[in-house]
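Student: Next up is a structure, given as structure tokens.
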Ligand SMILES: Cc1cc2nc3c(=O)[nH]c(=O)nc-3n(C[C@H](O)[C@H](O)[C@H](O)COP(=O)(O)OP(=O)(O)OC[C@H]3O[C@@H](n4cnc5c(N)ncnc54)[C@H](O)[C@@H]3O)c2cc1C
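Dropping the structure here:
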């Protein structure tokens, strides 16, 4: 039955970023009336098999979840204590968290594990509502936003926060200017158990025309992300064929591998937006920016948007949030977002370039950075504080 309801904030997209934003808002102001509109109702089962979507979450963001009472099942969470990166000839660099940098570089969390923990937290708030359905259209006015659903229900918010992902419907309907660069690559993801102990070490190989990453999970399993321009050549392989090419590309670093989740491919795009707000609509997460996954920072940037926007709302008040406040928020976030987008984009371009000069530069560069300890410390501090 169609309904007509008012909220302080309507969030479109209940993925990790949208739901984390809701949880943080409600910690600051528990009486805020929040609606999350999500296209797909998640289904959780007891002891689920390993999720294929696994994210490296920075210590800063992981700790923020603890602060707001979001506790994923730690027995399923991996951690990176060391990282080794190999160039395509003789370059290499290694990072470790030992001593100086707390105890880990990142936590590796399954999407469903973190999503369930956030949704469990949200259940504590009676003024938080979930709506699973399809949006027909959005009317963005100067002082409020109306969301018209396919079933003719109308939800009005003082603000609409769009966290509906890289192909954001809200971004298109509301008419944000965005520029997309297609990497013409996909990230092929899969999980394995391995023969040798991964010792909480992440590995990354820049292979010339592709990038392969091994991320250490709990119980001596790994998740891989293989960014390649020819995902079909991997997906069309038999299970044994796929395992063999992964073992060969990783120089059998972790011995014999056993595939535990079907490989899946995600197309990779760089999404650039100069202004993330328009009247009462604000974009966060992948709706605002996408990034190459080689540094595993996409969702971390999205969490940064969520915490900062929520802090601003707590400081100013939701209905008082002015265009000047949003301009300041946009400026601050864009600085962080562009820094990371540019770093990942440049690395992707440098390592995807077949010229001899680029080959020399990237491998020399890796060895050079590896030999400058203070620079490595800065890079590590940057990564863990994202
Ligand atoms: C191969 C690969 C590996 C990655 N690895 C990492 C990593 O290790 N670390 C990291 O930080 N990042 C990683 N990323 C990036 C990460 O996946 C994204 O940055 C992150 O998922 C963005 O979260 P989000 O909540 O903004 O969007 P999404 O995860 O896309 O969620 C959007 C939500 O909105 C819903 N939705 C969509 N349209 C509508 C609509 N019209 N109405 C209602 N709801 C809607 C969707 O159902 C979904 O629940 C990786 C990306 C790829 C492709």
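In our numbering, the protein residues as written are 145 to 530. The beta carbon of each residue, even a glycine, is placed where N, CA and C say it ideally should be.
1) Report the option in 380, 166, 248 and 225 whose CA atom is closest to the CA atom of residue 212.
2) Under the three-state reduction of DSSP, which class applies to residue 287: helix, strand or coil?
3) Thinking C-beta only, is residue 161 closer than 8 Å to residue 446?
4) With distance defined between alpha-carbon atoms, name the residue in 221, 306 and 283 nearest to residue 164.
5) Rounded C-beta distance between residue 420 and residue 427? I'm assuming under 8 Å.
6) Taking 7 Å as the limit between beta carbons, can you name the residues of its chain near residue 438, skipping five residues before and five after?
7) Relative to ligand 1, is the shortest distance from any of its heavy atoms to the C-beta of residue 153 smaller than 7 Å?
8) Taking contact to mean at least 3 C-beta pairs separated by less than 8 Å, is the region 254 to 272 in contact with the region 298 to 314?
9) Counting pairs of Cβ atoms below 8 Å between the region 191 to 200 and the region 244 to 258, do you hit three or more?
10) So residue 276 is in the alpha helix (DSSP H); what residue range does that whole segment cover?
11) Rounded to the nearest angstrom, what separates residue 398 and residue 346 at their Cα positions?
12) What residue does the alpha helix (DSSP H) around residue 247 start on, and which one ends it?
13) Give the range of the beta strand (DSSP E) segment to which residue 354 is assigned.
14) One question on the structure: do residue 433 and residue 412 come within less than 8 Å of each other, judged by their Cβ atoms?
15) With residue 375 as the anchor, note down where its alpha helix (DSSP H) starts and where it stops.
16) Quick check: the Cα distance between residue 245 and residue 237, rounded to an integer number of angstroms?
17) Closer than 7 Å to a non-hydrogen atom of ligand 1 - does that hold for the CB of residue 261?
18) Would you mind reading off the limits of the alpha helix (DSSP H) that contains residue 203?
19) Taking the alpha-carbon of residue 472 as reference, which of 484, 203, 386 and 453 has the nearest alpha-carbon?
20) I'd like the span of the alpha helix (DSSP H) that includes residue 391, first residue to last.
21) Would you mind sorting residue 158 into buried or exposed? The rule is 16 or more other CB atoms within 10 Å of its CB.
22) For residue 479, is the classification buried or exposed, using 16 other Cβ atoms within 10 angstroms of its Cβ as the cut-off for buried?
23) Would DSSP call residue 221 helix, strand or coil?
24) Between residue 133 and residue 224, is the Cβ-Cβ spacing less than 8 Å?
25) With a CB to CB cut of under 6 Å and the five nearest residues on each side skipped, what residues in its chain are close to residue 357?
26) Under 7 Å: does the beta carbon of residue 441 sit that close to some heavy atom of ligand 1?
27) For residue 149, which residues in the same chain have their Cβ closer than 7 Å to its Cβ, ignoring the five residues on either side in sequence?
28) Cutting at 8 Å between CB atoms, please list the residues of its own chain near residue 227, excluding the five before and the five after it.
29) When you measure from the CB of residue 184 to every non-hydrogen atom of ligand 1, does any distance come out below 7 Å?
30) Given this structure, state the Cα-to-Cα distance separating residue 201 from residue 207, to the nearest angstrom.
31) Nearest CA to the CA of residue 416: which residue from 486, 456 and 176?
32) Can the beta-carbon of residue 154 be found closer than 8 Å to that of residue 179?
33) What does the alpha-carbon distance come out to for the pair residue 156 and residue 429?
34) Would a C-beta distance cut-off of 8 Å place residue 291 and residue 181 closer than the cut-off?
35) Grouping DSSP H, G and I as helix and E and B as strand, with all else coil, what is residue 301?
36) Have a look at 275, 456, 274 and 304 and flag the residue whose alpha-carbon is nearest the alpha-carbon of residue 288.
Tutor: A quick look at the data gives this:
1) 166
2) coil
3) yes
4) 306
5) 5 Å
6) 355, 371, 488, 491 and 492
7) no
8) no
9) yes
10) From DSSP, residue 276 is part of no alpha helix (DSSP H) but of the beta strand (DSSP E) over 272 to 276.
11) 11 Å
12) Unbroken run through residue 247: none, as it is neither H nor E.
13) 354 to 360
14) no
15) 375 to 379
16) With a pLDDT of 48 at residue 245, under the threshold of 50, the modelled position of that residue is not reliable, and the figure given next carries that caveat. If you take the alpha carbons of residue 245 and residue 237, they lie about 17 Å apart.
17) no
18) 203 to 211
19) 453
20) 383 to 393
21) buried
22) exposed
23) coil
24) Residue coverage of the chain in this structure runs from 145 to 530, which leaves residue 133 outside it and unanswerable.
25) 348 and 369
26) yes
27) 299
28) 238, 239, 240, 249, 345, 346, 347 and 348
29) yes
30) 10 Å
31) 486
32) yes
33) 11 Å
34) yes
35) strand
36) 304
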